[in-house]
Amino acid sequence: MKNKFLLFIIFAIVILCGYLIFSKKTLAPVEIQTSQSDEDESDFQNNFQYDEVISKKIGSQGGVLENADKSIIATFPPLEQEIEVKLSFKKSDFKARSGARSPVTINIYPDITFNFINPDASINIKAKYDSRYALPVPYYINEKKELRPIQLKELDAENNYFIMDTFRGGDFSWVTVKRMDQ
Numbered sequence: 007m008k009n010k011f012l013l014f015i016i017f018a019i020v021i022l023c024g025y026l027i028f029s030k031k032t033l034a035p036v037e038i039q040t041s042q043s044d045e046d047e048s049d050f051q052n053n054f055q056y057d058e059v060i061s062k063k064i065g066s067q068g069g070v071l072e073n074a075d076k077s078i079i080a081t082f083p084p085l086e087q088e089i090e091v092k093l094s095f096k097k098s099d100f101k102a103r104s105g106a107r108s109p110v111t112i113n114i115y116p117d118i119t120f121n122f123i124n125p126d127a128s129i130n131i132k133a134k135y136d137s138r139y140a141l142p143v144p145y146y147i148n149e150k151k152e153l154r155p156i157q158l159k160e161l162d163a164e165n166n167y168f169i170m171d172t173f174r175g176g177d178f179s180w181v182t183v184k185r186m187d188q
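Those letters in the sequence shown? Residues 7 to 188, by this note's numbering.
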C-alpha cells in the first residue's frame, strides 16, 4: 500500500512539474527573437533625434509633450499633483518575434501610475510609423526588456499615425506588420 501511495505521489509531482514547465513556456512574456538591420529603417527613423529630451511640469490641467518634428506627441490627463515629466527617446534594443520593431523607444519619466493619474483617464502617445508597414502593435517594455501589449486606441493609416493608450510611465515602442501589397 505504501509503495502504491509513493508511486502516486511521484506521478503527481511529475505531472505537476510538467504542467508548470509547459504553462511557463506558453505564458512567458513576448520576447523578440529576430533582429532588424539598419537598412530596414525608414528615412524618418534614420533622421530621428534620439538625444532629444522634453521636460514640462504637468498638473491639474494635464498637458502635452512633443518632440521637435511632432512625430511623437504624449498627451497627459489632469494629475492630482504637479510633477516634472520628461519625454525622451532611445534606439530600440528589444527583438521582435515577428514583424519589424520600431527603432525608437519612447520613455516617459517618472513612472506615473494611478497614484497621480485619475483612473478614468490615460496617457495617449501619438506616434508616426513607417508607411511601408500596415499595423503597429504598441507595447510597454519592462525592466527585463519583456514586451507587454498596451491598447491601440486609434489608427490613422492614411497619415501613418497611431495612438497608444497607457496608465503609466516607462518605456514604450511598437512592432509593425509589413503591408500585403509590398
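In this text, a Cβ means the ideal position worked out from N, Cα and C, and glycines have one as well.
Taking the straight line between their C-alpha atoms, what separation do you get for residue i and residue j?
i	j	result
Val-183	Ile-169	16 Å
Lys-151	Ala-102	11 Å
Asn-148	Ser-98	13 Å
Tyr-135	Asn-166	6 Å
Pro-155	Asp-171	10 Å
Ser-43	Pro-109	Low confidence applies to Ser-43: its pLDDT is 42, below 50, so where it sits in the model is not reliable, and the reading given next is rough at best. Cα-Cα distance, rounded: 10 Å.
Val-181	Ser-66	33 Å
Gly-68	Asp-57	25 Å
Phe-178	Ser-61	17 Å
Leu-71	Val-143	22 Å
Phe-95	Ser-77	12 Å
Pro-83	Glu-90	14 Å
Ala-133	Arg-185	18 Å
Pull the bridge partners of residue i from the DSSP assignment, please.
i	result
Gln-157	Asp-171
Tyr-146	Arg-154, Phe-178
Arg-107	Val-181
Asp-162	Tyr-167
Ile-131	Ala-80, Met-170
Ser-61	Lys-92
Tyr-115	Lys-92
Between the Cα of residue i and those of the options, spot the shortest distance and give me the residue it belongs to.
i	options	result
Leu-59	Gly-68, Leu-153, Tyr-115, Arg-174	The question names Leu, but residue 59 is Val in the sequence shown. It is Tyr-115.
Phe-129	Val-181, Leu-93, Asp-57, Asp-75	Sequence check: residue 129 is Ile here, not Phe. With distances taken between Cα atoms, Ile-129 lies closest to Leu-93.
Ser-104	Gln-157, Ala-163, Leu-141	Leu-141
Arg-138	Arg-107, Asn-73, Phe-95, Ile-64	Arg-107
Ile-64	Ile-118, Glu-88, Val-181, Lys-132	Glu-88
Leu-158	Ala-127, Ile-131, Ile-79	Ile-131
Ile-118	Phe-54, Gln-55, Arg-174, Arg-185	Arg-174
Beta strand (DSSP E) containing residue i: first to last residue?
i	result
Lys-96	89-97
Leu-71	69-72
Phe-82	78-82
So, is the C-beta of residue i closer than 8 Å to a C-beta in chain D?
i	result
Leu-158	In the displayed structure, chain D is absent; only one protein chain is listed.
Contact defined as beta carbons within less than 8 Å: I believe residue i pairs with residue j. What is the distance between those atoms, to the nearest angstrom?
i	j	result
Gly-176	Tyr-146	6 Å
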